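Numbering (our numbering) for the sequence shown: 52 to 205.
Just below is one structure, and these are the notes that go with it.
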Amino acid sequence: MGSRRKARECALQILFELEFSPDHLEEILKDYWAAQPVKAEVKEYATWLVEGLWQHRAEIDRTIEQASEHWRLDRMAMVDRNILRMAVFELFFEKTLPPPIIIDEAIEVARKFSGDEAAVFVNGILDGIYKSLKKDRSDHEEKDRNPDKKEEEK
52 MGSRRKAREC ALQILFELEF SPDHLEEILK DYWAAQPVKA EVKEYATWLV
102 EGLWQHRAEI DRTIEQASEH WRLDRMAMVD RNILRMAVFE LFFEKTLPPP
152 IIIDEAIEVA RKFSGDEAAV FVNGILDGIY KSLKKDRSDH EEKDRNPDKK
202 EEEK
């Protein structure tokens with residue numbers, strides 16, 4: 052198993068704990084790492100995921116809710132919800148990995164921790180989010196290439 056996959060699995064376990072004690076991030080991280088000896092790069096990436104996701108949780112949750120028709124976030128399985136949160140955070144902020152790899156990793160983590168149906172569910176929502184992000188970026192790049200369009204829109 053690669054370091055990033057292991058980091059995602061650690062982050063998922065930490066996020067699960069945070070669902071029950073959302074105001075104790077630092078304490079949960081400290082306790083988790085004391086009980087889980089892992090390589091430095093695993094700890095670093097997992098901590099980056101958890102802290103960043105927790106900081107941007109409102110924006111990430113809005114993105115997931117917009118993409119998940121007929122599914123409120125609070126009605127999703129806790130594991131699935133946190134896998135989606137991690138992947139959306141990575142789609143927004145991880146610039147060194149292509150989005151299809153981020154999505155594939157989320158699907159595999161969902162399959163391992165929540166089953167095949169969850170993997171399909173996670174794939175469907177993340178695919179929609181990715182297409183929306185791609186369209187938004189494409190529209191933004193088009194405006195950058197055509198400054199006249201910016202003026203027309205004002």
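Each residue gets a CB set at the ideal place from its N, CA and C atoms; glycine is no exception.
Keep in mind it's a predicted model, so treat the numbers as computed, not measured.
Short Cβ contact (8 Å threshold) for residue i with residue j
i, j, result
"V160", "E60", "yes"
"W105", "L69", "yes"
"D125", "S165", "no"
"I153", "L142", "yes"
"A157", "M127", "no"
"A97", "I180", "no"
"L184", "F140", "no"
"L177", "L135", "yes"
Neighbourhood of residue i by C-beta distance below 6 Å, restricted to the same chain and skipping five residues each side
i, result
"E204", "With a pLDDT of only 49 at E204, under 50, the local geometry of the prediction cannot be trusted, and no value is derived from it."
"R162", "A170"
"M129", "E70"
7 Å CB neighbourhood of residue i in its chain, flanking five on each side removed
i, result
"V89", "K57 and C61"
"N133", "L63, L66 and F67"
"K94", "W84"
"F144", "G103"
"P150", "L142 and Y181"
"Q87", "C61"
Residue i in three-state terms, based on DSSP
i, result
"R123", "coil"
"T98", "helix"
"M137", "helix"
"S165", "helix"
"V93", "helix"
"L148", "coil"
"G175", "helix"
"M52", "coil"
Contacts around residue i, its chain only, beta-carbon distance under 8 Å, and the 5 residues preceding and following it disregarded
i, result
"L76", "L69, V101, E102 and W105"
"I79", "I65, E68, L69 and S72"
Check whether the stretch 166-174 and the stretch 100-116 are in contact - that is, three or more C-beta pairs closer than 8 Å.
no
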